[in-house]
Structures are given as C-alpha cells and as structure tokens.
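Worksheet: the structure to be examined is printed underneath.
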Amino acid sequence: MSEIRDANWFAEKLNDRTIRGIAIETSALIRAGALPVGTKLPAIRDLAFALGISPATISEAWSELRRQKIISGRGRNGTWVSGDRFIAKPERLASVGDYGEGVLDLTAAVPDVRLLPKLAEAMAYGASAENLNSYERSRILPELEEAVRRSWPYEPEAFLATNGGYNAVYTLIHALVTPGASVAIEVPTGMRLLDILEDRGVRILPVQCDGEGPVPASLEAAMRLRPAAFIFQPRIHSVTGQSVSAERMEALAAILKDSDTLIVEDDGVADISSAPRHSLGSLYPDRVIHILSFSKTHGPDLRLAVLSGSRAMIEQIQSYRAFSAGWTSRILQSAAAWLLRDPATGETLERARDIYIKRRADLINALGERGVEAAHGGGLCAWVPVSSEPFALVTLAARGIAVHPGAKFSVLPSSHLRVATANLTDRCQEVADGIALAAVHQ
Numbered sequence: 098m099s100e101i102r103d104a105n106w107f108a109e110k111l112n113d114r115t116i117r118g119i120a121i122e123t124s125a126l127i128r129a130g131a132l133p134v135g136t137k138l139p140a141i142r143d144l145a146f147a148l149g150i151s152p153a154t155i156s157e158a159w160s161e162l163r164r165q166k167i168i169s170g171r172g173r174n175g176t177w178v179s180g181d182r183f184i185a186k187p188e189r190l191a192s193v194g195d196y197g198e199g200v201l202d203l204t205a206a207v208p209d210v211r212l213l214p215k216l217a218e219a220m221a222y223g224a225s226a227e228n229l230n231s232y233e234r235s236r237i238l239p240e241l242e243e244a245v246r247r248s249w250p251y252e253p254e255a256f257l258a259t260n261g262g263y264n265a266v267y268t269l270i271h272a273l274v275t276p277g278a279s280v281a282i283e284v285p286t287g288m289r290l291l292d293i294l295e296d297r298g299v300r301i302l303p304v305q306c307d308g309e310g311p312v313p314a315s316l317e318a319a320m321r322l323r324p325a326a327f328i329f330q331p332r333i334h335s336v337t338g339q340s341v342s343a344e345r346m347e348a349l350a351a352i353l354k355d356s357d358t359l360i361v362e363d364d365g366v367a368d369i370s371s372a373p374r375h376s377l378g379s380l381y382p383d384r385v386i387h388i389l390s391f392s393k394t395h396g397p398d399l400r401l402a403v404l405s406g407s408r409a410m411i412e413q414i415q416s417y418r419a420f421s422a423g424w425t426s427r428i429l430q431s432a433a434a435w436l437l438r439d440p441a442t443g444e445t446l447e448r449a450r451d452i453y454i455k456r457r458a459d460l461i462n463a464l465g466e467r468g469v470e471a472a473h474g475g476g477l478c479a480w481v482p483v484s485s486e487p488f489a490l491v492t493l494a495a496r497g498i499a500v501h502p503g504a505k506f507s508v509l510p511s512s513h514l515r516v517a518t519a520n521l522t523d524r525c526q527e528v529a530d531g532i533a534l535a536a537v538h539q
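Per this note's numbering, residue 98 is the first one in the sequence shown, and the count goes up by one each step.
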C-alpha cells in the first residue's frame, strides 16, 4: 500500500511558493527519502489551499517533475512518486539492447570503421592547431571555416563548430526553444532527435514524409499551430534514405515564407550521400540553421559538426555553450580541416559512398525478389514496411538478427523496421529471407 502525505505535511516542508521552488524542494524531499517511491501526493487544490497559492502554480511544478519522470499519474486517480533518479535519460536510445555473441546486430546505423579515413596524420597536424590550449571560447578555427565554406550550400553570416551533430541540435534547441513550445519535425526521424525534444519538454508536431521529403499539406497543418522550429533533413533522410527534391524544397519554402519559425536543416549523413547539398538559407538567412556532421564520413571520434546561421543566433547558441565546454577542441577542428583538404581522404569517401550504396541496394533488391517493397535511396540503413513490428522483431530474433522497430523513430503509429545496412556484407540473402518471413504476418 502506498504512503500518503497530506497537504498540511507539505505546507510545513515547502518554503518557496514559486513553481521552480516547489519543484526543487519536492525533488529534494524525494531525494532525501522523506517521500519514498510509491507515496501518494495530495490533491492539487488541497495543496494549493494549504500553501495559499494558485492551483495552477502546483500544476506547473508537478508538470516539471512529471517531465523528469519523478512523479506520475494525474486527474482523479491521483499522483504518485514514481522515481528517485534525477538525471534525464534518453529513453529511446537507452532502450537499445545488448544482443550478445552470435547475433547479427543491424540496429546501429553507423559507418563501417574499415571505410573511414585514417586519422593519424590529421591528428598529428591538429596537435599544432592555432591558439592551442587557450581558454578563449572561439567559435570555429579559421582554417576549418575556410574548408567548409567551399561546399556550403549558401553564404551564411556565421559558423560554429560543435561536438557532433546531435550536440549541435541539443545545444541550439536549449538555446533557442523554450520548454513547452511546439516543434515540427519529420515522421519518421532520428530517435535521438526525438529524445532531445522530449527531454526539452516541447510539443512535437509530426510532419508526414513521402519519397520527395516532408509532405506540404502536413507541414501546412503543423504550421497552423505556430511551431517555434521546424527540423528536417534536406539532403538525405537518416532513417528512410530518401532525399528532398528541388521541387519539394520550393514548396516547403513557400509554406515557411510568412512565418518566424526557426528552420533547422540537419545533414547528419553528409557526403555518404550522393545527393546535392541544398538549403533554405539563401531565402531565410535570419532563421535557418544548417548543420553538417562529420561523424559518419570522417569518424565519430572526431566529435565534430559545423553549423551555420545568423550572427545573432550563433551568439545565442555560443552563450548557452558557455555553461559547459565553451568551445570544440581545436585539435579536432584542425584535424578535420586537414582531412577536408586531403585528396586521399576524398578518394576514401568516394569509395565508401559507393560501397554503402551497393550494400543498401543489395538488401532492397533481395527484399523485392521476395515480395517486400522497400524504397531505394541512400545512407546507412533501410526503412522496411511490415504488417506487425512485434511479430517481425520476434521472427528475426529467432533467426539471430536484431533490428530496430519503426516505433523508435516516430511519435505516430508505425509498421516498419529500421535495418542498418552499412556493415551488411556477406549475409544479405539471409537477412532478406528473415525479413520476408517477418513481413507477411497478417
């Protein structure tokens, strides 16, 4: 049976009557064990009366603790202490399993390490980077800015180096989007993007996609709710492998024209794609942030991405970064600049791109031969339709194959598998057999 703490007990313990104060002091009581897991909290109106404040203040404080998954429940059934951990956890990423020996793990859409450029010479060069070991919070090394400008899809006011693509999204969302705001985003999308948005406590507005990108009618519906930001992947979709066509970019631009919505363009797969780079930055330079990650192409341990935007937005993002690292390693920035100038690295990337395209196409073709129609495209994974995600996962697990359910990548119902293809070499036919068997469940 759960413990119960009445309103008068709380009134004696809580000294700060603000939303933030109530949330902080209640969490402190939970941490100290005064409110154990399972404790039922008093009704909002009773507690508000005891504290002499508005019920809305209590409701907002409880919402913050509910967002942190410290309390749960609402309405007539009451509210309980459900956790005593206070560190946010990316729920979708954290639910990824450890499949052990003997399992073909096709859950991680990561590059084949054998196809990445060698870093030794680049890192040696980076160790002599300009202004090395200075505590100056520089935004980007001049040599890296010069290197990325050569192929950037528009001429921005300012650049910023960050510690990877997801770090870029996490930082800009916290710097520019307030909790409780609405954010429009493609469905499906990267599960880590959803983790970031859900942790921030924003309202997610799903935008449906087809083979040419976000569907205009779906974006129009989302825009009627005045989202603070719209996040999409203009070059190649990291989940489906589809690219946004030039015609679709024009349609999206028209829809976004008469708004003040922040436009975030996430190019996470980068030059693994053979699709041309394009951006809405030349049309809306004051509210476009364009992100290019080097993790998939040059190596995840470079921990590097570059974003562009207006000077005002870059200043806001950099100000938020001052709470933590403050700048991205100059060694890694300089090494990346060296790699971008190196002809041999360019040849390595071209070879890797061709291999990734073939591996993905081999699986799509094999599935087509077995009656499973999945779309051709690019990138490091395939998006495969199935009748039942749970049945498909169990069927593949019985064959020693692990994949992700589509539900991890969407806030809407899904009937897909996300199958990583970048490291799929000699077992393509076996995987296609398993997926075909799993896909026909009625």
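Ideal placement from N, C-alpha and C gives every residue a C-beta, glycine not left out.
Self-check item: Cβ-Cβ separation, L290 to V611 (assumed contact under 8 Å), whole Å
Solution: Because the chain is modelled from 98 through 539, residue 611 falls outside the range shown and cannot be assessed.
Self-check item: Nearest residue (CA-CA) to G476, options Q339, L201 and G223
Solution: Q339
Exercise. Give, in chain order, every unbroken run of the alpha helix (DSSP H) that is at least 4 residues long and sits entirely within the segment 127-173.
Key: 141-148 and 152-164
Quiz item: Leaving out five residues before and five after M220 in sequence, what residues of the same chain have Cβ atoms less than 8 Å from its Cβ?
Solution: The answer, listed in chain order, is I428 and A432.
Quiz item: DSSP puts H513 in a beta bridge; with which residues?
Solution: The partner list for H513 (beta bridge, DSSP) reads P482.
Quiz item: For R427, which of helix, strand or coil comes out of DSSP?
Solution: helix
Self-check item: P502 versus Q305 - alpha carbon distance
Solution: Their Cα atoms are separated by approximately 18 Å.
Practice problem: In the DSSP assignment, find the unbroken beta strand (DSSP E) run with P239 in it and report its ends. | Solution: From DSSP, P239 is part of no beta strand (DSSP E) but of the alpha helix (DSSP H) over P239 to R246.
Quiz item: Quick one, are the C-beta atoms of A272 and Y381 less than 8 Å apart?
Solution: no
Quiz prompt | Helix, strand or coil at P331 [DSSP, three-state] | solution = coil
Quiz prompt | Buried versus exposed, by CB contacts within 10 Å (16 or more), S390 | solution = buried
Practice problem: Give the straight-line distance between the Cα atoms of S342 and I167, rounded to the nearest whole angstrom. | Solution: 44 Å
Quiz item: At what residue ranges does the segment 307-391 contain a whole run of the alpha helix (DSSP H), taking only runs of 4 or more?
Solution: Within the segment 307-391, the complete alpha helix (DSSP H) segments at least 4 residues long are 313-320 and 343-353, listed from N- to C-terminus.
Exercise. Flag this pair as yes or no: are the beta carbons of L260 and R408 separated by less than 8 Å?
Key: Note that residue 260 corresponds to Asn in the displayed sequence, not to Leu. No, Cβ-Cβ distance for N260 and R408 is not below 8 Å.
Self-check item: Range of the contiguous alpha helix (DSSP H) that encloses A535
Solution: Unbroken alpha helix (DSSP H) run through A535: C525 to A536.
Quiz item: Buried or exposed: which applies to D398, given that a residue is buried once 16 or more other Cβ atoms fall within 10 Å of its Cβ?
Solution: exposed
Exercise. Name the two residues that bound the continuous beta strand (DSSP E) containing F107.
Key: Counted as a single uninterrupted DSSP element, the stretch harbouring F107 is not any beta strand (DSSP E) but the alpha helix (DSSP H) occupying residues A104 to K110.
Quiz item: For D439, which three-state DSSP category applies?
Solution: coil
Practice problem: Could you please give the first and the last residue of the uninterrupted beta strand (DSSP E) stretch that includes E283? | Solution: S279 to V284
Exercise. Could you have a look at T394 and say whether DSSP puts it in helix, strand or coil?
Key: Three-state result, T394: helix.
Quiz item: Closest to A434 by CA distance: which of S371, L460, R247 and A318 is it?
Solution: R247
Practice problem: Would you kindly work out how many angstroms separate the C-alpha atoms of V528 and S511, rounded to a whole number? | Solution: 21 Å
Quiz prompt | V366 vs I333 beta-carbon contact at 8 Å | solution = yes
Quiz item: In terms of residue numbering, what span does the beta strand (DSSP E) encompassing V178 cover?
Solution: Here the beta strand (DSSP E) through V178 covers T176 to V178.
Practice problem: Let me know if P440 comes out buried or exposed under the rule of 16 or more other beta-carbons within 10 Å of its beta-carbon. | Solution: exposed
Quiz item: Three-state secondary structure (DSSP) at N520?
Solution: coil
Quiz item: Among the residues of its own chain, which have a CB less than 8 Å from the CB of M98, if the five just before and after it don't count?
Solution: With a pLDDT of 46 at M98, under the threshold of 50, the modelled position of this residue cannot be trusted, and the question is left open.
Practice problem: Measure how close the beta-carbons of G60 and W106 come, nearest whole angstrom, since I'm counting them as under 8 Å. | Solution: As shown, the chain starts at 98 and ends at 539. That puts residue 60 outside it, with no answer to give.
Practice problem: Quick one: grab the DSSP three-state call for D113. | Solution: coil
Quiz prompt | Continuous beta strand (DSSP E) stretch holding A258: start and end | solution = A255 to T259
Practice problem: Return yes when the Cβ of P313 is within less than 8 Å of the Cβ of I352, no when it is not. | Solution: In this structure, P313 lies closer than 8 Å to I352 by Cβ.
Exercise. Out of L534, D292, N174 and D113, state which residue places its alpha-carbon closest to the alpha-carbon of F488.
Key: L534
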